[in-house]
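Respectively, the protein sequence lines represent chains C and H.
Offset between the first sequence (1-based) and this note's numbering: plus 51.
Going by this note's numbering, the residue at position 57 of the second sequence is 37; the numbering climbs one at a time, nothing skipped.
Working notes, beginning with the structure itself.
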Amino acid sequence: MDKASLLGDQFNVVLEAARAGADWAWERIYDSLVPTLLGYLRSRGAPDPDGICGDVLCQLVRDIHRFRGDEAGFRSWVFVMAHHRLLDDLRRRKRRPESLTAPEDFGSIVDPDDVATGVVRRHHEQDVRRLIDALTPPQRDVLVLRIFGGLTVEEVAKAVERRPGAVKALQRRGLEALRRAMEGQEYPSEALGR
Amino acid sequence: MTPKRLTPSDIERILAGRVSPDDPDLGSLSRAVAEVRDAYSWTPSGDVRAAHLAAMKEALGEAPGAEPSRRRSRRFGFAARVGTAAAGLVLVTGAALAATGALPEAVQDAVSDAANTVGLQIPAGDDETDDTDAPAAEQPSNPTAAENKARADEYTTAKKAWTECVAGQAPQNAQGPFDPEEACGPKPKPEQQQQAPGQQEEHPSASDHPGVGPPAEGEQRGNSGDHIPPDAGPPADRGNN
Chain C
52 MDKASLLGDQ
62 FNVVLEAARA
72 GADWAWERIY
82 DSLVPTLLGY
92 LRSRGAPDPD
102 GICGDVLCQL
112 VRDIHRFRGD
122 EAGFRSWVFV
132 MAHHRLLDDL
142 RRRKRRPESL
152 TAPEDFGSIV
162 DPDDVATGVV
172 RRHHEQDVRR
182 LIDALTPPQR
192 DVLVLRIFGG
202 LTVEEVAKAV
212 ERRPGAVKAL
222 QRRGLEALRR
232 AMEGQEYPSE
242 ALGR
Chain H
-19 MTPKRLTPSD
-9 IERILAGRVS
1 PDDPDLGSLS
11 RAVAEVRDAY
21 SWTPSGDVRA
31 AHLAAMKEAL
41 GEAPGAEPSR
51 RRSRRFGFAA
61 RVGTAAAGLV
71 LVTGAALAAT
81 GALPEAVQDA
91 VSDAANTVGL
101 QIPAGDDETD
111 DTDAPAAEQP
121 SNPTAAENKA
131 RADEYTTAKK
141 AWTECVAGQA
151 PQNAQGPFDP
161 EEACGPKPKP
171 EQQQQAPGQQ
181 EEHPSASDHP
191 GVGPPAEGEQ
201 RGNSGDHIPP
211 DAGPPADRGN
221 N
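See the structure below:
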């Protein structure tokens, strides 16, 4: 987890100000949370990551008064919300299929004037996607929650409704599958000359 | 060469980003995890950020304790929230008219009957609006819809003033703990807003304090004085189906 994106010592003050409705506090919370939150949703193949993210944020605003805990607990709470929202969205789309925007939607990713960056990112994402595709769905559920949300084993277990022991087994097997997948392909960043 | 079997400690270090990319046994996995995180964790574009923040501000404006809007739109639930806010405005406006007996008689009767079932006293279509039949001692104690709205407006105004005070006080409290209620008075609660006009002046306004805004980077802040129960944890949450 990128420490620079966390609120650290300022968390309690920012949280209290956010509860009181201060716009600046919500912007701070947004900037510390949303890149990894969107990362989680995109890595899970959410058809509309911006939309789900927006719904999670609005739910966060409405329920902020119920939260008690530290910053790690706060992030965990938000990512569990996102996990459940994503599952609901996927189930709903399965029941009522509709035309979906491709996951690699430039419009929400980069400025229209910076198409080159978008192309590079898209290729990068596709290469990394091959790594994630090497995981089984349960392994992916567990690993992306840990990678993006920084959730503990116990928190992930609660979110995915499995025992902690099962979560530990899934993350170990998932990492081993990642390692095998890497042995079978050139490393993504090296392939792009980064 | 058989790869090193991953121990629980290895796994925690890899996922936390605490393994060097040059580590001979675990470096490749550490790089892979970092790549996954970097590949998807983009800062949203300015338009998306602005739209998200606007939606959050709209959600902030919903009454405390209100039921969350059901999402009917794929895009941030905007349509559902705007529709709910508009419906709420119609209900409040209609209730205000009903409270003053200003609706057509048949409609006024229907509204009055419905309101009576939940304990609200709203005049029926043929009621005298000055209610001369009821002695002063037997005046209904339940607030009318108009009083409810006035109380809600008072609460919103008081909360906004308190928020601005907290934001203004935070930069000045660089040392030690910062208790927002000690600095700006008790946090407004919806049931407390029965103040006479002018009493809100007791809360310092943002204009009294310079530098309203977020704490500066690197500036030390104390913890808020709010008591956080030690046994509390994040509530379990399920999204709406």
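Glycine residues also receive a C-beta, built at the ideal position from the N, C-alpha and C atoms.
Owing to the predicted nature of the structure, the values given are computational and were not obtained by experimental measurement.
- If you measure from the beta carbon of C/PRO215 to each beta carbon in chain H, is any gap under 8 angstroms? By 1-based counting over the first sequence, the position of residue 215 of chain C is 164. Cβ-Cβ to chain H under 8 angstroms: no for C/PRO215.
- Proximity test, C/LEU84 beta-carbon vs the ligand NAP heavy atom, cut-off 7 angstroms: Among the components of this structure there are no ligands whatsoever, and the ligand NAP is therefore not found.
- Within the same chain, show all residues whose beta-carbon is closer than 6 angstroms to that of H/ARG(-7), passing over the 5 residues directly before and after it, in chain order. On the second sequence, residue -7 of chain H is found 13 positions in, with the first residue counted as 1. VAL(-1), listed in sequence order.
- Mind listing the chain C neighbours of H/GLU42? Cutoff is C-beta to C-beta under 7 angstroms, in chain order. In the second sequence, counting from the first residue as 1, residue 42 of chain H sits at position 62. What H/GLU42 touches in chain C: ARG113.
- Quick one: using the 10 Å Cβ neighbour count with 16 as the cut-off for buried, is H/GLY41 buried or exposed? By one-based count along the second sequence, residue 41 of chain H stands at place 61. So H/GLY41 ends up on the exposed side.
- Task: Give me the Cβ distance between C/LEU84 and C/VAL112, rounded to the nearest whole Å; I'm assuming they're in contact under 8 angstroms.
- Result: Locating residue 84 of chain C in the first sequence gives position 33, counting from the first residue. Locating residue 112 of chain C in the first sequence gives position 61, counting from the first residue. No, C/LEU84 and C/VAL112 are not in contact; Cβ-Cβ is about 12 angstroms, not under 8 angstroms.
- Query: Where does C/PRO98 fall in DSSP's three states?
  - Reply: Counting from 1 along the first sequence, the entry for residue 98 of chain C is found at position 47. Coil at C/PRO98, not helix or strand.
- Query: Could one say the Cβ of H/ARG17 lies closer than 8 angstroms to chain C's Cβ atoms, at least one of them?
  - Reply: The residue labelled residue 17 of chain H in the question sits at position 37 within the second sequence. H/ARG17 counts as touching chain C.
- Through-space distance from H/ASP5 to C/ILE115, alpha-carbon basis: Here the question's residue 115 of chain C lines up with position 64 in the first sequence. Here the question's residue 5 of chain H lines up with position 25 in the second sequence. Each residue's alpha carbon lies about 43 angstroms from the other.
- Task: Mind listing the chain H neighbours of C/VAL179? Cutoff is C-beta to C-beta under 9 angstroms, in chain order.
- Result: Locating residue 179 of chain C in the first sequence gives position 128, where the first residue counts as 1. Result: ALA12, GLU15, VAL16, ASP18, ALA19 and TYR20.
- Positions along the segment 214 to 234 of chain C whose CB lies within less than 9 angstroms of some CB in chain H: LYS219, GLN222, ARG223, LEU226, GLU227, LEU229, ARG230, ARG231, ALA232, MET233 and GLU234
- Item | Rounded C-alpha distance that separates C/LEU221 from C/PRO189 | Here residue 221 of chain C is taken as the residue at index 170 of the first sequence, counted from 1. Here residue 189 of chain C is taken as the residue at index 138 of the first sequence, counted from 1. Roughly 7 angstroms between the two C-alpha positions.
- Message: For H/ALA39, which residues in the same chain have their Cβ closer than 6 angstroms to its Cβ, ignoring the five residues on either side in sequence?
- Response: Within the second sequence, numbered from 1, the residue matching residue 39 of chain H stands at position 59. Excluding residues within five positions, none has a Cβ falling inside 6 angstroms.
- Message: Buried or exposed for H/THR222, going by 16 or more other Cβ atoms inside 10 Å?
- Response: Lying before the first or after the last residue shown, residue 222 of chain H is absent from chain H, which here runs from -19 to 221.
- Message: Can you find the residues in the same chain that come closer than 7 angstroms, C-beta to C-beta, to C/GLU227, ignoring five residues on each side of it along the sequence?
- Response: Here residue 227 of chain C refers to the residue found at position 176 of the first sequence. Answer for C/GLU227: no residue qualifies.
- Query: Beta-carbon of H/VAL146 versus every beta-carbon of chain C: anything under 8 angstroms?
  - Reply: Within the second sequence, numbered from 1, the residue matching residue 146 of chain H stands at position 166. By this cut-off, H/VAL146 is an interface position.
- Message: Between the alpha carbons of H/GLY7 and H/VAL16, how many angstroms are there, rounded?
- Response: Residue mapping note: residue 7 of chain H aligns to position 27 of the second sequence, counting from 1. Residue mapping note: residue 16 of chain H aligns to position 36 of the second sequence, counting from 1. A direct Cα-to-Cα measurement between H/GLY7 and H/VAL16 gives close to 14 angstroms.
- Message: Against chain C, with Cβ distances strictly below 8 angstroms, would H/LYS169 count as a contact?
- Response: Here residue 169 of chain H corresponds to residue number 189 of the second sequence, with the count starting at 1. For H/LYS169, the answer is no, since every Cβ of chain C falls outside 8 angstroms of its Cβ.
- Item | C-alpha gap between H/ARG51 and H/ASP3, whole angstroms | Numbered from its first residue, the second sequence carries residue 51 of chain H at position 71. Numbered from its first residue, the second sequence carries residue 3 of chain H at position 23. In this prediction, H/ARG51 scores a pLDDT of 46, lower than 50, which makes its location untrustworthy; no coordinate-derived value is stated.
- Message: Can you check which of these residues, C/VAL195, C/GLY72, C/ALA71 and C/ASN63, is closest to C/GLY120 by C-alpha distance?
- Response: Within the first sequence, the letter at position 69 stands for residue 120 of chain C. That would be C/ASN63, whose Cα lies nearest to the Cα of C/GLY120.
- My understanding is that C/LEU88 touches C/ALA133, with C-beta atoms under 8 angstroms, so please give their C-beta distance in whole angstroms. On the first sequence, residue 88 of chain C is found 37 positions in, with the first residue counted as 1. On the first sequence, residue 133 of chain C is found 82 positions in, with the first residue counted as 1. Right, their Cβ atoms sit about 6 angstroms apart.
- Reduced DSSP category for H/ALA196 - H, G, I as helix; E, B as strand; rest coil: Walking along the second sequence from the start, residue 196 of chain H turns up at place 216. Residue confidence is low: H/ALA196 scores 49 on pLDDT, short of 50, so the model does not pin down where it sits. Its coordinate-derived value is still stated next. Of the three classes helix, strand and coil, the one that applies to H/ALA196 here is coil, per DSSP.
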